[in-house]
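**Q** The structure's right below; bear with me while I get my questions together.
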Ligand code: NAD
Ligand code: UFG
């Protein structure tokens, strides 16, 4: 199979490209490198002995997409490309809707034109808004997103649902990721955020390595066991294998599916701090501050649909996730710039 991976140089993309190459697929990547470095793919080649074909280009450029579809016999598309910072999306809504929504429309047009009819889309647990209950199953209501990033994911899901009705030959899977963390166990590829991280795990790693002084814990008065926010952290390699499972099970059932990718277990901010202290054998400096606007108390998945439909379940523990994050951080203190 030849898989087109949009955004394949990024965090989740690079781990998925690695998994695809390892199992013998051919991979073509399109990435404009706006939030990544091609060093990630060079390292994927070093780890697998195989090279993906890289187009450094924007998915908004339909001519490049057309060239890709005519130069390669693409069987499936995995669509990671997009902007992903919740905070930035509030100050730059147009960029977010353009990249995430218009980018997907351009891609769909070109897939239709080229007769490529299998798509896996990176969605997010953010589409559930403020969860009505946990664990969140795919039956739970979506909507109520509080920022343009989340809304862009919701809009794309709706577009894909409508599109699949018009084009029933298309196989479309929206994978709703919970909180991806961790890195490849080699410590050669991992998450390399620009500037000061917004997300918990990259922030704690930079405190552990001494690049940041102190973690701000956003609230300890939530209705959770220790008062801090609870999330479903999932190892990026488990996520990658979830994409492979989605490719293998694309023909079953209806032509549109939305499936959670999580572990089904929630951990608090304090649990994560403690796991990090154990892995890095260091004290994590933190202080409790006000809640962060837009945060929910708890969010974790019911992951039974992924088990039933994809025969997939996450296998790595929170200790595995934090050990691999720390291994990546200490071997690459400045990410791919190290
Ligand atoms: P990432 O930023 O590391 O990867 C996205 C990649 O897409 C980057 O390499 C970037 O350069 C590229 N890109 C962005 N806009 C592009 C465009 N217009 N044309 C071509 N390339 C473009 O992010 P990630 O964490 O790997 O996330 C991948 C996908 O998963 C995103 O769609 C994201 O919204 C979604 N997702 C991520 C998380 C998370 O917490 N990491 C959670 C849920 C969903
Ligand atoms: N947190 C802190 N301090 C920090 C950062 C985070 O206490 O410096 C807390 C948050 O309040 C939350 C938990 O750590 O309780 C996790 O926060 P993250 O920012 O790591 O992740 P979120 O759950 O807020 O959001 C992530 C992605 C979104 C995605 C969502 C669901 O950033 O893009 O998961 O998939 F939509």
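In the working numbering, the protein residues as written are 1 to 338. For each residue, glycine too, the CB sits at the ideal point set by N, CA and C. Since the model is a prediction, treat every value here as computed from it, not as a measurement.
Would the stretch 233-247 count as touching the stretch 315-325 if we require 3 or more Cβ pairs under 8 Å?
**A** Flag = yes, the stretch 233-247 and the stretch 315-325 touch.
**Q** Pull up the CB-CB distance for residue 259 and residue 176, whole angstroms please, since I reckon it's below 8 Å.
**A** About 7 Å; that satisfies the 8 Å criterion.
**Q** Hey, is the stretch 123-135 in contact with the stretch 150-163, meaning 3+ C-beta pairs nearer than 8 Å?
**A** The stretch 123-135 is in contact with the stretch 150-163.
**Q** Given residue 31, which residues of its chain have a CB within under 6 Å of its CB, disregarding the five upstream and five downstream residues?
**A** Closer than 6 Å at the Cβ level, and outside the excluded window around residue 31, lie 7, 8 and 9.
**Q** Tell me which residue opens and which closes the alpha helix (DSSP H) that residue 71 is part of.
**A** Note, residue 71: alpha helix (DSSP H), 62-71.
**Q** For residue 29 versus residue 5, is the C-beta distance shorter than 8 Å?
**A** Yes, the Cβ-Cβ distance between residue 29 and residue 5 is below 8 Å.
**Q** The ligand UFG and residue 342: does any heavy atom of the ligand fall closer than 7 Å to the residue's C-beta?
**A** Any answer about residue 342 is impossible in this case: the structure gives the chain only from 1 up to 338.
**Q** Would residue 170 pass as a contact of residue 178 if the rule is Cβ separation under 8 Å?
**A** No.
**Q** Would you call the stretch 38-52 and the stretch 79-89 in contact, with 3 or more CB pairs under 8 Å?
**A** Short answer: they don't touch.
**Q** Would you list the one or two residues that DSSP bridges to residue 77?
**A** Note: residue 77 sits in a beta bridge opposite 4 and 119.
**Q** Within 10 angstroms of its Cβ, does residue 207 collect 16 or more other Cβ (buried), or is it exposed?
**A** By the 10 Å Cβ count, residue 207 comes out buried.
**Q** Quick one: give me the first and last residue of the beta strand (DSSP E) that residue 31 is part of.
**A** That run of the beta strand (DSSP E) goes 26-31.
**Q** Compare the Cα-Cα distances from residue 232 to each of 34, 326, 290 and 262 and report the closest residue.
**A** Residue 232 has its Cα closest to that of 262, out of 34, 326, 290 and 262.
**Q** Got a sec? Which residues, its chain only, sit under 8 Å from residue 3 by beta carbon, not counting five neighbours each side?
**A** Closer than 8 Å at Cβ, skipping near neighbours: 20, 25, 26, 27, 28, 74, 75, 76, 77, 78 and 247.
**Q** Could you give the residue range of the beta strand (DSSP E) that holds residue 217?
**A** Element bounds for residue 217: 215-218.
**Q** Just checking, does the stretch 302-311 make contact with the stretch 272-283 on the three C-beta pairs under 8 Å criterion?
**A** No: the two stretches stay apart, fewer than three of their Cβ pairs being nearer than 8 Å.
**Q** Judging by CA-CA distance, which residue of 50, 81 and 51 is the nearest neighbour of residue 60?
**A** Of the listed residues, the one whose Cα sits closest to residue 60 is 81.
**Q** From the DSSP secondary-structure annotation, give me the bridge partner or partners of residue 136.
**A** In DSSP, residue 136 forms a bridge with 301.
**Q** What residue range is occupied by the uninterrupted alpha helix (DSSP H) comprising residue 331?
**A** Segment 318-331, the alpha helix (DSSP H) holding residue 331.
**Q** Distance check for residue 11 and residue 1, CA to CA, integer angstroms please.
**A** Distance between the alpha carbons of residue 1 and residue 11: 22 Å.
**Q** Measuring CA to CA, which of 101, 58, 201 and 41 is closest to residue 50?
**A** Cα-wise, what sits closest to residue 50 is 41.
**Q** So the alpha helix (DSSP H) residue 207 belongs to, where does it begin and stop?
**A** Residue 207 -> alpha helix (DSSP H) spans 200-208.
**Q** May I ask which residues mark the beginning and end of the alpha helix (DSSP H) holding residue 19?
**A** Residue 19 -> alpha helix (DSSP H) spans 11-22.
**Q** Under 7 Å: does the beta carbon of residue 91 sit that close to some heavy atom of the ligand UFG?
**A** Checking the Cβ of residue 91 against the ligand UFG gives no.
**Q** Can you tell me where the alpha helix (DSSP H) holding residue 148 begins and where it ends?
**A** That run of the alpha helix (DSSP H) goes 148-166.
**Q** Check whether the Cβ of residue 80 lies closer than 7 Å to any heavy atom of the ligand NAD, and answer yes or no.
**A** Yes; taking the cut-off as 7 Å, the Cβ of residue 80 has a heavy atom of the ligand NAD nearer than that.
**Q** Compare the C-alpha of residue 333 against each of 190, 298 and 289 and name the closest.
**A** Measuring from the Cα of residue 333, the nearest candidate turns out to be 190.
**Q** Going straight from the alpha carbon of residue 285 to that of residue 192, what length do you get?
**A** Rounded to whole angstroms, residue 285 to residue 192 spans 21 Å at the Cα level.
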